[in-house]
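Working notes, beginning with the structure itself.
There are 2 protein chains.
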Amino acid sequence: MTRIAIDAMGGDHAPHEIVAGALWAAADYNVAIELVGKPDRIEYAIDKINSEGIISTVGGFKNQKIRIDTSKLDIKITQATEVIEMGEAPGQAIRKKKKSSIVLGVDAVATGSSDAIVAAGSTGAAMAASLFGLGRLPGIDRPAIAVTLPTMKKPVVIIDGGANSNCTPEMLYQFAVMGTTFSKNVLGVTNPRVAVLNIGEEAGKGNELAQATYKLLEEKQDKINFIGNIEGREIFSGICNVIVCDGFVGNIALKITEGASSMLFRMLKQEFKTDPLARIAGLIAYPFMKRIYRKINYEEFGGALLLGVKGITVISHGSSKAYAIKNAIRVAKEAFETGINKKIAEFLDGNNSFTE
Amino acid sequence: MTRIAIDAMGGDHAPHEIVAGALWAAADYNVAIELVGKPDRIEYAIDKINSEGIISTVGGFKNQKIRIDTSKLDIKITQATEVIEMGEAPGQAIRKKKKSSIVLGVDAVATGSSDAIVAAGSTGAAMAASLFGLGRLPGIDRPAIAVTLPTMKKPVVIIDGGANSNCTPEMLYQFAVMGTTFSKNVLGVTNPRVAVLNIGEEAGKGNELAQATYKLLEEKQDKINFIGNIEGREIFSGICNVIVCDGFVGNIALKITEGASSMLFRMLKQEFKTDPLARIAGLIAYPFMKRIYRKINYEEFGGALLLGVKGITVISHGSSKAYAIKNAIRVAKEAFETGINKKIAEFLDGNNSFTE
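From first to last, the protein sequence lines are chains S and U.
Per our numbering, residue 60 is the first one in the first sequence, and the count goes up by one each step.
Per our numbering, residue 60 is the first one in the second sequence, and the count goes up by one each step.
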């Protein structure tokens, strides 16, 4: 059985919601779990879930209560005496706090005790610990974060979602390869269409990086299914499956998407409070809004994959609750079981091509 | 009376919707209008509006019919025999097509026949024509596009929205000065709060440009009200009034906001079609959704100001219809009447400070 390590101490709602998500995933997805953190706090959370169940809240909407029989689950607890806080400089922190939950969680993957790690704490610390503890895949200069977004059609992968602020065209080509592998093997997209995030469709558009990347990807069309530039407006149309950009642009793009949709929902909620008729409209529209919210919410995809390291690291949103963690564990399991890293390595070794 | 020139031939719905928006603005905002384009086509549009009125459609929602008595309006038609198409290279096009509607529209401002120009055609051509025809303001290296977005509180100005893909920290400081002047004088914000668009709050975050800009703006805190970095997620919270970034990042940010909100509305519409109860919910919720859509839609702000040239240029969305053009003309009028360029020049001359 695949075993997933979880940094039980990372994120705004650790350890309770993290442990809850882990137990929920163990029950639903038939995975073994390794909870890394302070044993007494983890055990307290497990006891509480045993007696009270999991109260799942998604996107501020109240939800059902889930009962879980933890006695039937394969749960291992690994002690970590330290925790890396959000403000700490990642590189320093992972060198100093060798007994922290994120460092020991990555260690669990490096030593083979678990098959993947899920972390909702400091993204920088998770990246640094993974890079240091697992090492880079051959042929990859820098690991990158692959984030899955919903569209009107199939989900799209944006890579890099924030690992590298300064990039080269070669790095973006490697991101394209990793994103294609992910889209194909984990999301099940046939011959994924790759585009460069840009401010216009024409080849000459954009900053120096975007222009040079366009040229390079055009030369690699025998290897990846490059369709050209894509503008921000078109991301959600679903016309392409993998979008490459540097981590600075990618991170801003993702957070703006989050900010804009959250503002829209808050505005709708406010509008539905303006008068009695509005309140009735709101009550009726509520379940439909909730369904949409779930479709677009990051909690549905659970976490982003850090691609390019010799292991599976899934980075979850810092505000993740049980439902998001459960989904992040599903992503980790699927990534591991499809052997994504082996496929990336094979591809970069020159023995593969994604265009079919 | 302030007179606004309009490129009647630019945009997806030219000339009819452009002319309609211009006449509507003339009637509502007490401005004189100079329509630049092919006289026969402009006159045909005016005749049609005289007999049929303006059918206003905002964001795909059907709207009221507006009757306008054009005989009372101050309308001038200036002949332009050429039109610059969307695909043309802007620099070349404005040099080659000296009788195009955008070049002659900018000329109208340069010669003082009109006080501002509104254009919904090629953004590149409008920028090139303005830079060439009006020249730069003293102290400004490169003009930038200031785009106004709604937030939960006051609107925020994002600058640069797409004029310059490669920027220096000095340029971003100048954008901060221009954005502050705009926010204060046109949007009426007291002591506008300025932030750098970045991927984290700390000073050391982001790419080289963001880091260097942070340092420079910190040194200029006696001149602008710099509050630090802002993440994409927080843009819509309304905690800051002016956000500076390079035009590559800014353009992607704006188009993603547009794409994400349009996807959300499309998803809600789809969801409201799933079954009979959903249809009823949709019918009741419809007017409320429409109100939100109007709040967040670009049509409400009408157009973005090209700041840094010696004149007022308002660039509208290519898909603008009458309502958006009407609002763009309002923005042009306000910018002209508040003397924004004089204020920018005074500020850069060293005799002014925005922190109060």
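Even glycine gets a Cβ: it sits at the ideal position worked out from N, Cα and C.
All of these numbers come straight from a predicted model, not from anything done at the bench.
_Distance cutoff 7 Å, beta carbons only. Does U/L327 sit that close to anything in chain S?_
yes
*Please confirm whether U/A64 and U/A179 have their CB atoms less than 7 Å apart.*
no
*U/I77 and U/I384: beta carbons closer than 7 Å?*
yes
*Using a beta-carbon distance below 7 Å, is U/M322 in contact with chain S?*
Closer than 7 Å to some Cβ of chain S, the Cβ of U/M322 qualifies, so yes.
_CA nearest to the CA of U/K354, picked from S/M326, S/G362, S/L336_ = S/M326
*Within this structure, are the beta carbons of S/I315 and S/T182 separated by less than 7 Å?*
no
*Write down every uninterrupted run of the alpha helix (DSSP H) in the segment 95 to 168 of chain S whose length is 4 residues or greater and which is fully enclosed by it, in chain order.*
98 to 111, 149 to 155
*asked:* Rounded to whole angstroms, what is the Cα-Cα separation between U/C226 and U/I199?
replied: 13 Å
*Determine the direct distance from the alpha carbon of U/K135 to that of S/M322, and round the result to whole angstroms.*
Going from the Cα of S/M322 to the Cα of U/K135 covers about 42 Å.
*Tell me which same chain residues have a C-beta within less than 6 Å of the C-beta of U/I388, skipping the five on either side of it?*
I63, A84, V177, listed in sequence order.
*asked:* Just to confirm, is the Cβ distance from S/G150 to S/A203 under 7 Å?
replied: no
*Could you name the residues of chain S that U/K354 contacts, counting a contact when the two beta carbons are closer than 7 Å?*
For U/K354, the chain S residues whose C-beta falls within less than 7 Å of its own C-beta are M326, listed in chain order.
*Spell out the partners DSSP gives S/F285 in its beta bridges.*
S/V253
*Just checking, does the segment 396 to 404 of chain U make contact with the segment 89 to 96 of chain U on the three C-beta pairs under 8 Å criterion?*
no
*asked:* Cutting at 8 Å between CB atoms, please list the residues of its own chain near U/P197, excluding the five before and the five after it.
replied: A404, L407, D408
*Between the CA atoms of U/L366 and U/V253 - distance to the nearest angstrom*: 16 Å
_Any chain S beta carbon closer than 7 Å to U/I113_ = no
*Say whether chain U places a C-beta atom closer than 7 Å to the C-beta of S/G318.*
yes
_Taking the beta carbon of S/E260 as the centre, do at least 16 other beta carbons fall within 10 Å, making it buried, or is it exposed?_
With fewer than 16 Cβ atoms within 10 Å of its Cβ, S/E260 is classed as exposed.
*My guess is that S/F331 and S/G341 are in contact by the Cβ rule of under 8 Å, so how many angstroms apart are they, rounded?*
3 Å
_When S/I371, S/T137, S/C299, S/E229 are compared against S/M211, the one with the closest alpha-carbon_ = S/C299
*Under 7 Å between C-beta atoms of U/T272 and U/P209*: no
*Looking at the structure shown, is U/A67 part of a helix, part of a strand, or coil, going by DSSP?*
coil
*Report all residues from its chain with a CB closer than 7 Å to the CB of S/E242; omit the five preceding and five following residues, and keep chain order.*
The sequence given here places Ser at residue 242 of chain S; Glu does not occur at that position. Hits under 7 Å: V216, V248, P251, N300, V301.
*Exposure of S/T372, with buried meaning 16 or more beta-carbon neighbours within 10 Å*: buried
*Using the beta-carbon of each residue, which ones in chain U are nearer than 7 Å to S/N225?*
N266, E267
*asked:* Using a 10 Å radius around the Cβ and a threshold of 16 neighbouring Cβ atoms, would you call U/Q138 buried or exposed?
replied: exposed
*Kindly indicate which three-state DSSP category U/E415 falls into: helix, strand or coil?*
Its pLDDT being 44, under 50, U/E415 is placed unreliably by the model, and the measurement read from it follows with that caveat. Here U/E415 sits in coil by DSSP.
*Which word fits S/G361, buried or exposed, when buried means at least 16 other C-beta atoms lie within 10 angstroms of its C-beta?*
buried
_Endpoints, alpha helix (DSSP H) assigned at S/T182_ = For S/T182, the enclosing alpha helix (DSSP H) has its first and last residue at 182 to 193.
*Within the segment 204 to 283 of chain U, ranges of the beta strand (DSSP E) (whole runs, at least 3 residues)*: 215 to 218, 252 to 257
_Is the separation between the beta-carbon of S/G70 and that of U/I258 shorter than 7 Å?_
no
*In chain S, which residues lie less than 7 Å from U/M211 when you measure between Cβ atoms?*
The CB of U/M211 comes closer than 7 Å to the CB of M322, R325 in chain S, given here in chain order.
*Return helix, strand or coil for U/T372, following the three-state DSSP convention.*
strand
*With distances taken between CB atoms, is the gap from U/G80 to U/A381 smaller than 7 Å?*
yes
*asked:* What does DSSP give as the partner residue(s) for S/A363 in the beta ladder?
replied: S/I374
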